[in-house]
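Here's the structure, in C-alpha cells; my notes come after.
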Amino acid sequence: MSENGVASRRGKVLTLDTMNPRIKRVEYAVRGPIVQRAVQIEKELKEGAKKPFTEVIKANIGDAHAMGQQPITFFRQVMALCAYPELLNSSQFPEDAKNRAKTILQSCGGGSIGAYSASQGIEYVRQDVARYIEKRDNGIPSNPDNIYLSTGASDAIVTTLKLLMCGEGMSRTGVMIPIPQYPLYSAALAELGAVQVDYYLNEERCWSLDVSELRRSLEAARKHCNPRVLCIINPGNPTGQVQSRECIEEVIRFAAQERLFLMADEVYQDNVYADGCQFHSFKKVLFEMGPQYSDTLELVSYHSTSKCYMGECGFRGGYMEVINMDAEVKAQLTKLVSVRLCPPVPGQVMMDLVANTPQPGDPSHSTFIKEKSATLNTLAERARLTEEILNTVPGIQCNPVQGAMYSFPRITIPERAVQKAKEKGQAPDMFYCMNLLEETGICVVPGSGFGQKEGTYHFRMTILPPTEKLKILLNKLKEFHLRFTQQYS
Amino acid sequence: MSTVAYCSFIWGSGYITARARTRTHRSLQKTEEQKRRIMSVLRKINPTLQRICICEQENLGRRAMQIARELKQGVKKPYKELVDVSIGDAHSGGIKPITFVRQVIAACIYPELLHDSTLPADVKERAWRLMRECDGGSVGSYTEECGIPYVKSSVSEFITRRDGGVPASPENVFILSGSQTALMFVLSLLVHGEGSAQTGVAFPVPTYSSFAMALDELGAEMVPYYLCEEEGWALRVEELRRAVRASGLHCTPRALYVINPSNPTGNVQSRKIIEEVIRFAAEEKLVIMADEVYQDTVHEEGIDFVSYKRVLFELGPPYSESVQLASFHSVSKGFMGECGLRSGYVELVNLDPAVMEQACKWLSAGSCSAVTGQIALNIMVDPPRPGDPSYTMYSQEVKFKKDTLTCNVRRVQEVLEDIPGFTCQAVGGGFYAFPRLHLPQRAVQRAKELGVEADLLYCTRLLEEEGVCLEAGSSLGQKEGTHHIRLCLMTSTKTLGMVLKRLKRFHLRFLKEFS
Chain G
4 MSENGVASRR
14 GKVLTLDTMN
24 PRIKRVEYAV
34 RGPIVQRAVQ
44 IEKELKEGAK
54 KPFTEVIKAN
64 IGDAHAMGQQ
74 PITFFRQVMA
84 LCAYPELLNS
94 SQFPEDAKNR
104 AKTILQSCGG
114 GSIGAYSASQ
124 GIEYVRQDVA
134 RYIEKRDNGI
144 PSNPDNIYLS
154 TGASDAIVTT
164 LKLLMCGEGM
174 SRTGVMIPIP
184 QYPLYSAALA
194 ELGAVQVDYY
204 LNEERCWSLD
214 VSELRRSLEA
224 ARKHCNPRVL
234 CIINPGNPTG
244 QVQSRECIEE
254 VIRFAAQERL
264 FLMADEVYQD
274 NVYADGCQFH
284 SFKKVLFEMG
294 PQYSDTLELV
304 SYHSTSKCYM
314 GECGFRGGYM
324 EVINMDAEVK
334 AQLTKLVSVR
344 LCPPVPGQVM
354 MDLVANTPQP
364 GDPSHSTFIK
374 EKSATLNTLA
384 ERARLTEEIL
394 NTVPGIQCNP
404 VQGAMYSFPR
414 ITIPERAVQK
424 AKEKGQAPDM
434 FYCMNLLEET
444 GICVVPGSGF
454 GQKEGTYHFR
464 MTILPPTEKL
474 KILLNKLKEF
484 HLRFTQQYS
Chain A
290 MSTVAYCSFI
300 WGSGYITARA
310 RTRTHRSLQK
320 TEEQKRRIMS
330 VLRKINPTLQ
340 RICICEQENL
350 GRRAMQIARE
360 LKQGVKKPYK
370 ELVDVSIGDA
380 HSGGIKPITF
390 VRQVIAACIY
400 PELLHDSTLP
410 ADVKERAWRL
420 MRECDGGSVG
430 SYTEECGIPY
440 VKSSVSEFIT
450 RRDGGVPASP
460 ENVFILSGSQ
470 TALMFVLSLL
480 VHGEGSAQTG
490 VAFPVPTYSS
500 FAMALDELGA
510 EMVPYYLCEE
520 EGWALRVEEL
530 RRAVRASGLH
540 CTPRALYVIN
550 PSNPTGNVQS
560 RKIIEEVIRF
570 AAEEKLVIMA
580 DEVYQDTVHE
590 EGIDFVSYKR
600 VLFELGPPYS
610 ESVQLASFHS
620 VSKGFMGECG
630 LRSGYVELVN
640 LDPAVMEQAC
650 KWLSAGSCSA
660 VTGQIALNIM
670 VDPPRPGDPS
680 YTMYSQEVKF
690 KKDTLTCNVR
700 RVQEVLEDIP
710 GFTCQAVGGG
720 FYAFPRLHLP
730 QRAVQRAKEL
740 GVEADLLYCT
750 RLLEEEGVCL
760 EAGSSLGQKE
770 GTHHIRLCLM
780 TSTKTLGMVL
790 KRLKRFHLRF
800 LKEFS
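Here the protein sequences come in this chain order: G and A. Counting the first sequence from 1 gives a position; the numbering used here is that position plus 3. Counting the second sequence from 1 gives a position; the numbering used here is that position plus 289.
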C-alpha cells in the first residue's frame, strides 16, 4: 500500500492468482480454441484474405438453425403472438395459434411474458409437460410438481449436480460419466470440485454401454471417493448410440443395486434414425420394471427445446422431471432454483409448445407434421450419408449414427504426426483438426475434448450442414485425410 | 425421523437481528423402505445449500398464490381480488410493456411480420439488423457466450453516452440472464477459500432477499453494513469501515456490494458519497459491485443518478486505474419491466484480461442468455430516437410510466404521513417505498409468542384480511426492534389506490386491536 493508503496498480484484488481456482479448471471444447480460430479465419476471409476455401463450415456445435434448419412455423407464430398480443387481431395467424397464445398469456402475471414466473416454472406449462411425458411413456403418470422448468437442459443438469455435491477427500461425491461425454459434464464437475468417474463406452460394439464396465469403474472409484451419481446420455452425445431397452433395464438394475442416483440426459429423444432403434425413456422402463425398482430408484430426466426437430437453442427452454426424490431434498432443490428467480419465460413458452403440439383436426396440424417429418427425415438421411462416406476413407472408421446430431469417427493418425503434435504441445487430434481447419475451412471438435480411450483419436462433427454442403464437407474431409496421412507417413 | 429446516443470521456486532428465524419441524410418516432411502440420501446433500435461507416471506408468497386460486374457484373472502405489490414486477402490476420492444421481438421471432404493413419501418429495420447478427438469421441459434457482439457494442456505446463520454469497451461487457445471474457470475469469480480465507462480501442492510440467498449458495461470508434510516437511509462510510474491519477476523473481505438507487430504501447516492465509497474500496482492497438496475428511476427533483463508473473515471488516477468495479444493469426494472425475459449485463472495469478470458471460457460451458432478452437489452440501450417513426409512441409510453411512478411515490408519502404508526423516508429513486411500522408493544409480544417477526405477522394478517401482499422488512434485514414493510410502486395508479385504501383500513384496525 502506498502512502495515502491507496492500493498500488500491482495490488489489484481480483487477479488470475486470487480468482476462484475452480473456475480456472473449466474447459469446454465445443467452443474452445479451434472454434476461436475458425471465427478468426472467418474474419480474415471477410477482409479478403486468400485461402484454399471460400467459407468456414462450422460443424462443431449442435446448433441446427445456425446451419439453416427452419423453425416450426406454429411455434414461432404462437411465440410472436405472446410477445406482441396486438397480433391477435391480425388475420395472418391461424386460430389454433391465437387460442394457444391467449391461454399461455392468461397463465402469465399481468398477461405478459415480461412478468416473473414462479421459480419452478409456469404451472400451466408444467401441466402440459407432465401430459407430454405421460403420453410418451404409455400412460405412466407424471406429476407437474415433479417438473422443474429450466434455462435449457444444461442449467437443470448443473443444478442437480450442485445438489449432490458433498463430502471431502474419500467421501467426496463422485459422478460417473460416459467417455466420450458431452463436456458440459466435465466442466460442471470441475467447477463444483466433484470427482469425475469415467466409464468407457464400447466403440467396437457401436458405443454400447456395458454394465461390466460400469462395475469396473465404480469399484475403482470407491477407492478414492464416494461415487453416488450415474449420468447417462441417451441418445448419446457425441457418439449417437441409442440404448436398447435391455441395456436400460440393466443400467437400472445396476443403479438400484449400487444405490446410485441416476441422471438421464434425453435431449435428443426425437433424434432416432437407425432401423431397429427406438427411444425408450428411463422413466418408462423404470416403471415397467415394477415397484421393486420404480418405488425406490432416484432418477432425474432432462429435456430441452434446443435439439430434436425444433432446434430452438436461443430460447433456452428445458425441464427436468424428478422421480422418487425425497421430499426434504426436493424442498432444497425448490429453494435452490429460486435463487436465480425464474427461467426465461419465452423459453418456458417454447417448452410448452414442444410438449403440446397441434393435434389432428387443428388448423396447423398438417403443416406441423410436414415440417417435423421433413426435418427428421433430412437428419436421418444425413446420418446415413455421413456414416457411408466416412467409412469409404482408409484410416477413418465411423460407427452408425443411430441418433442425436453427431458423428464421432475414429481416425488413424500417423506416428510422425503424433510426434509433430507433441512438439507443438497439442493433442494429436487437435493437431489434425487444426490442420483440417486451415486447409479446408471445416471446423470440427477433436475427440480429446470429449474423452476417448488412450491411444485412440477421434473428432466430432455435426450432421447439421445442409445435405449438399455436407456432401462437400465429407468429400473434402476425405481428401484431407488421405493427404494428411500421406504427408506424415 | 423429524427434520429441521431453519435459518438464522447474525448481522454484525452491536446490531443483532434475526432476518427470518423459522423452525420447521416435520414429522414424516414413512415406510421402512422410504426411511432407509431417506436416511442415506438426506444427509448427503450439499451442505452449502442447506444454509440458504427459506424466508417466511416465501411462505407468504405461496399463501398469496393459494388465495388467488381460491378466489378463482369462487371461495368467499372479504375481498374480490388479491393485490400483490410485494415484488418489483411491473407487468404483474398492470404496467404495459414498451410497444417498440415487443414489436421488434415479434418480428425477429416470426420474420413474416417484416412484410406486415402495420409495423413501423424502424421496427422492421431493427429486427432485420438484429436477425443479421444471429447465426442462420434465427433467434433460435446460440449466440456467442458473452452476448451478441452487436448488442455488446450498443451497450458500451450507451454507457459512454450516459457517462458523459467516459470510454467503455464491448470486451468488458458480459450479457447474462438477468442481473441476478450477472451478480452471481461476478461473485463466483471472487468467492472461494475456507475459514478465515473465505471471501467476505459486504452488502447493505436492508437489501433485497435474493442477494443474500446468492451469497449463501456460493458459500460467501456475509459482511452486512447498516444504512442509516434517520439520514434518509444514507450509506455512511464509517459504518462500512466498522463492518469490514470487524469481519476481517473471520473472513477475507474482497467485495463491496452497493445498490444505487436502492432497493428497498429508494435512497439515491450523491457523487460525494460515491467518491467516498470508491476511496474506501481502494483503501480496503475491495472489488466494488455496483447494482444500478434502477438507474432510470430517479423521482426526486434536483437529484441525478451518476454511475459508479463515471465517478471512478472522473476521480482520475490512481483510483481510475486500480479500483476494480463491476456495474450491473438489466431489462427487468426501469421502464422496460421485462423481468420474464431474463436479460442484463455487467461491465467489468480494471479487470485483468487474463481473468476475463477465464470468465469467458467458463461462460462458454453454460450457453448464452436467451436471444429474446438480448434483443430487449439492445432496445433498452438504443431506443427509438427523435425523428424515428416509433419515437413518439415510445417517449409517450416512457413518460406515462415515469409519471405513474412519480405520482405513486407522492401518493404513498401523502397517505402514510396521515396515518399514525407509519414513518416514511423520502423515496428518491427506485421502485419501492419502505415505510417503518411503529407497532404497539402488544403486537410485538404476540408475534414473539407465535415465533415470527412482528412485521411478518402484520403482513400475514394484511394478506388474509384484506388480500394485499407486501414484503415484510424482516426478510430484507433491519435493525433489531424496528419493523418495516416494502411496497412496489411500479404499478397502476388504480392498483396502488386499492392497496393504500385496504392498508389504511387494516392498519387502523390492527393498531386498535393491539393498543
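Idealized CB from N, CA, C, for every residue including glycine.
Closer than 8 Å at the beta carbon, the chain G residues around residue i
i	result
K369(A)	By Cβ distance, chain G contributes nothing, its closest Cβ being about 18 Å from K369(A), past 8 Å.
N639(A)	K15
Interface residues of chain A facing residue i [CB-CB closer than 7 Å]
i	result
Q335(G)	I334, L338 and Q339
P74(G)	S427 and G429
L90(G)	A395
I445(G)	Correct list: empty, because the minimum Cβ distance to chain A is about 17 Å.
C169(G)	K333, I334, N335 and P336
L302(G)	Within 7 Å Cβ-Cβ: nothing; L302(G) doesn't reach chain A, min ~13 Å.
Cβ-Cβ distance between residue i and residue j below 9 Å
i	j	result
L728(A)	G710(A)	yes
L465(A)	S763(A)	no
P346(G)	D66(G)	no
S263(A)	K15(G)	Because chain A here runs from 290 to 804, residue 263(A) falls outside it and cannot be looked at.
E252(G)	M292(G)	yes
D580(A)	I341(A)	no
S367(G)	Q80(G)	yes
A353(A)	C758(A)	yes
C540(A)	V494(A)	no
V348(G)	I125(G)	yes
G454(G)	I37(G)	no
Q362(A)	M22(G)	no
G766(A)	T554(A)	no
G243(G)	V404(G)	yes
Residues of its chain near residue i, where Cβ-Cβ distance is below 7 Å and the 5 sequence neighbours each way are ignored
i	result
K690(A)	I384 and F624
D593(A)	V587
S329(A)	Its pLDDT being 45, under 50, S329(A) is placed unreliably in this model, and the value from its coordinates should be taken loosely. So the list is empty, once near-sequence residues are dropped.
A457(A)	S445, I448, T449 and E636
Y135(G)	A358 and N359
S498(A)	C344, Q346, S764 and L765
I60(G)	G444, I445, C446, P468, K472 and L476
Contacts that residue i makes with chain G (C-beta to C-beta distance below 7 Å)
i	result
D378(A)	G112, A118 and Y119
L575(A)	V16
A416(A)	What A416(A) touches in chain G: nothing, since even the nearest Cβ is about 11 Å away.
Proximity test, Cβ basis, 9 Å: residue i and chain B
i	result
C423(A)	Given the protein chain composition of this structure (G and A), no chain B is represented.
Close beta carbons around residue i, own chain, < 6 Å, minus the five adjacent residues each side
i	result
V374(A)	L776, C777, T780 and V788
Y1(G)	The question about residue 1(G) has no answer here: the residues shown for chain G are numbered 4 through 492.
A571(A)	Y608 and V612
A197(G)	M168, T176 and V178
K319(A)	Residue confidence is low: K319(A) scores 44 on pLDDT, short of 50, so the model does not pin down where it sits. Its coordinate-derived value is still stated next. Closer than 6 Å at Cβ, skipping near neighbours: no residue.
R343(G)	none
S442(A)	P459
Amino acids of chain A, ordered along the chain, whose beta-carbon sits closer than 8 Å to that of residue i
i	result
I26(G)	S477, L478, Q647, A648 and W651
Contact set between residue i and chain G, taken where Cβ atoms lie within less than 9 Å
i	result
Q487(A)	The premise fails here: Q487(A) is roughly 12 Å from chain G at the closest Cβ pair, so nothing lies under 9 Å.
Contacts around residue i, its chain only, beta-carbon distance under 8 Å, and the 5 residues preceding and following it disregarded
i	result
F795(A)	R750, L751, E754, E755 and V757
Item to check | Interface positions of the stretch 306 to 322 of chain G facing chain A (Cβ-Cβ less than 9 Å), listed along the chain | outcome: Closer than 9 Å at the C-beta level to chain A, one finds these residues of the stretch 306 to 322 of chain G: T308, S309, M313, G314, E315, C316, G317, F318, R319 and G320.
Item to check | Cβ pair count under 8 Å reaching 3, the stretch 257 to 268 of chain G against the stretch 226 to 243 of chain G | outcome: Judged by Cβ distances under 8 Å, the stretch 257 to 268 of chain G makes contact with the stretch 226 to 243 of chain G, as three or more pairs qualify.
Item to check | Against chain G: residues of the stretch 383 to 397 of chain A by CB proximity under 7 Å | outcome: Against chain G - using a Cβ distance shorter than 7 Å - the residues of the stretch 383 to 397 of chain A are G383, P386, R391, Q392, I394 and A395.
Next on the checklist: With a threshold of 8 Å, are at least 3 pairs of Cβ atoms found where one atom belongs to the stretch 327 to 341 of chain G and the other to the stretch 88 to 108 of chain G?
Outcome noted: Output reads no: the stretch 88 to 108 of chain G does not touch the stretch 327 to 341 of chain G.
Next on the checklist: Assess contact between the stretch 334 to 354 of chain G and the stretch 202 to 210 of chain G, defined as three or more Cβ pairs (one per stretch) separated by less than 8 Å. Is contact present?
Outcome noted: No: fewer than three Cβ pairs fall under 8 Å.
Item to check | Three or more C-beta pairs below 8 Å linking the stretch 685 to 705 of chain A and the stretch 718 to 737 of chain A | outcome: Below 8 Å, enough C-beta pairs join the stretch 685 to 705 of chain A and the stretch 718 to 737 of chain A to call them touching: three or more.
Item to check | Contact list for the stretch 412 to 433 of chain G against chain A, Cβ threshold 9 Å | outcome: Of all residues in the stretch 412 to 433 of chain G, none has a Cβ within less than 9 Å of some Cβ in chain A.
Checklist entry - Given 8 Å as the limit, is there contact between the stretch 625 to 639 of chain A and the stretch 121 to 138 of chain G, that is, 3 or more CB pairs closer than that? => result Contact between the stretch 625 to 639 of chain A and the stretch 121 to 138 of chain G is absent, because fewer than three Cβ pairs lie under 8 Å.
Next on the checklist: Along the stretch 340 to 351 of chain G, where does the CB come closer than 8 Å to a CB of chain A? Name the residues.
Outcome noted: Hits within the stretch, in order: S341, V342, R343, L344, C345, P346, P347, V348, P349 and G350.
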